[in-house]
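Comments concern the structure below.
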Amino acid sequence: MLLFVQRALDAFFAQNPGYGESMQEYPTLNAAEDSLAAAQSMGSGEGSETKPHRVRVMSWNIDGLDTANLKQRTRAVINTIKAEKVEVALLQEVVADSESVLRESLTDYKIISGGTSSKEGYYTAILLHKQHTHLDDFETVPYFSSTMGRNLLVVNSSVKGVPMTLMTSHLESTKSHAGERKRQLGIGLNRMKDASTERTVLFGGDLNLRDKELESIGGLPEGIVDVWEETGSRKEARYTWDTYRNDNLATDGKWRTRLRFDRLYLRQCSPPAKLKPVYFELVGLQRVPDVNRFPSDHWGILAHFDILSGSGDSRPFGALSAKEAEESQAKSSSLRPENSKSSDAPASSGKKSGNPEAQPSEGPPPAKRPKD
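Using my numbering, the first residue of the sequence shown is number 2, and each one after it goes up by one.
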């Protein structure tokens with residue numbers, strides 16, 4: 002039912018572009034009900050097959066270090082993975098208890114674990130949908146100077162016939178470890194640059210990164226792009242660690258912050274490119290029933306890509322038809338979490354923030370969520 006209501010809201014925003022952009026007003030459920038017919042035309046999202054030209058990649062720190070309601074919260078992550086029909090999921094802060102729930106419930110996915118090198122027993126994992134991917138090989142690259150047991154998980158695979166290198170990491174945490182974090186980021190970016198030019202490379206995870214830290218190392222190397230920026234730097238999908246909206250980490254109101262810790266980087270293969278990023282959004286915005294908490298203290302990020310004509314497997318899809326191209330531009334918005342004034346937009350005080358992290362970067366106009 003929640004997914005059906007979300008599709009109704011998706012349809013509402015498709016019919017009312019720009020509605021609520023000021024974050025002063027947003028559609029009520031009654032208003033969204035006027036769009037139920039349009040939502041039905043989109044499909045409920047359950048039981049339908051993914052389009053062969055579409056690839057979805059999710060990245061999410063699932064907060065396994067928080068033992069409270071761990072199984073219920075992990076099941077909420079699983080439900081999101083299933084509902085969004087992702088081909089690839091990059092997970093951080095996985096622990097043995099959460100991994101067992103993942104393996105029990107996600108039998109359609111191959112789970113590659115980043116190992117338990119951390120003395121705390123948390124690690125990363127990459128999930129590949131068995132029907133749409135093929136695993137070639139994988140490796141774990143240790144960060145020898147990490148004091149938190151962090152590493153880089155690298156998987157070579159094909160996704161719907163597109164050769165890809167998939168990488169995830171949970172970079173060193175806290176502001177005081179910026180130096181080590183930047184060193185680890187450099188290792189990941191160098192692996193992206195050095196990967197086979199026959200492969201499209203995606204590197205995502207909880208990078209714990211501040212914008213100034215990226216600037217201090219000269220920004221992203223040539224040929225590597227930030228998928229959030231590439232799809233228009235949509236402000237509603239910027240902050241992935243937001244204690245104004247997400248109260249899983251109880252602070253008693255003593256401090257609040259919002260940062261874009263979770264990021265996804267793309268390096269195309271040698272021309273012609275195989276994937277085009279078309280949309281970037283947040284997931285995990287609804288509280289888990291019965292426990293009144295979100296699935297994680299991080300929002301997950303979900304990127305939608307189109308396989309460009311002539312790429313990928315031999316299943317017939319060809320170039321997008323005019324109708325499909327039009328459909329892929331249908332605008333939508335996720336259900337807003339409690340106490341939020343706009344779908345996945347952060348709360349606004351009405352004042353311009355003096356924090357440079359809070360200012361949208363320049364880029365192409367915001368993309369629109371594909372329909373299916």
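Beta carbons: idealized from backbone N, C-alpha and C, even for Gly. Just so we're clear, the structure is a prediction, and the values are computed from it rather than from any experiment.
Within the stretch 108-181, the complete beta strand (DSSP E) segments of 3 residues or longer fall at 110-114, 124-130, 134-143, 152-160, 163-171, listed in chain order. Per DSSP, reduced to three states, the secondary structure at Thr81 is helical.
Counting C-beta pairs closer than 8 angstroms gives three or more between the stretch 91-99 and the stretch 63-71, which meets the contact rule. Under the criterion of beta carbons closer than 8 angstroms, Ser170 and Gly206 qualify as touching, at roughly 5 angstroms. Note that the stretch 277-296 touches the stretch 77-88; at least 3 beta-carbon pairs, one per stretch, sit closer than 8 angstroms. Looking at the DSSP output, Met59 shares a beta bridge with Ala90, Leu303. Per DSSP, the continuous alpha helix (DSSP H) segment holding Val228 begins and ends at 228-231. Taking every protein chain shown into account, the CB of Gln132 has fewer than 16 other CB atoms within 10 angstroms, so this residue is exposed. Take the alpha-carbon of Gly301 and the one of Pro371: they are about 18 angstroms apart.
For Val279, there is no enclosing alpha helix (DSSP H); the enclosing beta strand (DSSP E) covers residues 276-284.
In this structure, the beta-carbon distance from Thr241 to Arg257 does not fall below 8 angstroms. Around the beta carbon of Ile308, 16 or more other beta carbons sit within 10 angstroms, so the residue counts as buried.
The beta carbon of Ala368 lies closer than 6 angstroms to those of Thr232, Gly233, Val279, Tyr280 in the same chain, with the five residues before and after it left out. Ranked by Cα distance from Arg200, the options Val289, Ser271, Pro53 are led by Ser271. In this structure, Thr134 keeps its C-beta atom at 8 angstroms or more from the C-beta atom of Glu85. Per DSSP, Val202 lies in no alpha helix (DSSP H) segment; the continuous beta strand (DSSP E) that holds it begins and ends at 201-207. Our two residues, Leu250 and Ala69, have alpha carbons roughly 11 angstroms apart in a direct line.
Here DSSP, grouped into helix, strand and coil, assigns Leu66 to coil.
Contact between Leu167 and Gly189 is ruled out by a C-beta separation of about 12 angstroms, above the 8 angstroms threshold. Going by C-alpha positions, Arg288 is about 28 angstroms away from Tyr266. Counting along the chain, Asp248 sits inside no alpha helix (DSSP H), nor does DSSP assign it H or E at all.
One Cα belongs to His54, the other to Ala274, and the distance between them is close to 14 angstroms.
For Gly116 and Thr141, the gap between their C-alpha atoms comes out near 8 angstroms. Three or more beta-carbon pairs drawn from the stretch 174-186 and the stretch 210-227 are found closer than 8 angstroms, and the two stretches are therefore classed as touching. Beta-bridge analysis with DSSP links Arg370 to no other residue.
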